[in-house]
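Plus 179 on top of the position in the sequence shown (first one is 1) and you've got my numbering.
C-beta atoms are modelled at their ideal positions from N, C-alpha and C, and glycine is treated no differently.
Structure, as structure tokens:
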Amino acid sequence: MNKNSEQKTGVKRLLKILFWLPVVILIVAVVIGALSGVEKGRKRNLRPTIGEQARDFAFVDLEGNEISLSGFYGEKVVFVNIWATWCP
Numbered sequence: 180m181n182k183n184s185e186q187k188t189g190v191k192r193l194l195k196i197l198f199w200l201p202v203v204i205l206i207v208a209v210v211i212g213a214l215s216g217v218e219k220g221r222k223r224n225l226r227p228t229i230g231e232q233a234r235d236f237a238f239v240d241l242e243g244n245e246i247s248l249s250g251f252y253g254e255k256v257v258f259v260n261i262w263a264t265w266c267p
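In structure tokens:
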């Protein structure tokens with residue numbers, strides 16, 4: 180083999196590695212992400228608990244007052260709509 184064909188072979192090999200390495204990393208990341216999502220789903224029950232009392236929680240309103248769900252006990256209906264989680 181001459182030096183020029185050895186360089187071409189080396190370049191081709193490097194290009195193959197540079198192509199397949201990100202593909203393999205992506206596949207591994209997807210598999211790990213999928214498996215970790217399965218574990219989280221098993222640990223947390225995200226289904227509504229119909230007929231059971233809601234868990235108490237509290238937050239601070241825009242004026243600095245703490246508001247808790249238990250503070251509304253005895254009211255007819257409490258509708259909680261949390262839709263802008265990025266707002267302070």
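Nearest-angstrom beta carbon gap, residue j and residue i [assumed within contact, 8 Å]
i, j, result
"S247", "A237", "4 Å"
Through-space distance from residue j to residue i, alpha-carbon basis
i, j, result
"V192", "I261", "Per the sequence shown, residue 192 should be read as Arg rather than Val. Using only the alpha carbons, I get a separation of about 53 Å."
"E185", "K195", "15 Å"
"A208", "E242", "43 Å"
"F198", "I206", "13 Å"
"V210", "A263", "31 Å"
"G212", "V239", "34 Å"
"L200", "V190", "15 Å"
"D235", "N244", "16 Å"
"T228", "Y252", "18 Å"
"T188", "L214", "39 Å"
"K255", "V203", "56 Å"
Counterpart residues of residue i in DSSP-defined beta bridges
i, result
"A208", "BP columns for A208 are empty, so no partner."
"A237", "S247"
**Unbroken stretches of the beta strand (DSSP E), 3 residues or longer, contained in the stretch 240-265** = Entirely contained in the stretch 240-265, the beta strand (DSSP E) runs reaching 3 residues are, in chain order, 245-247.
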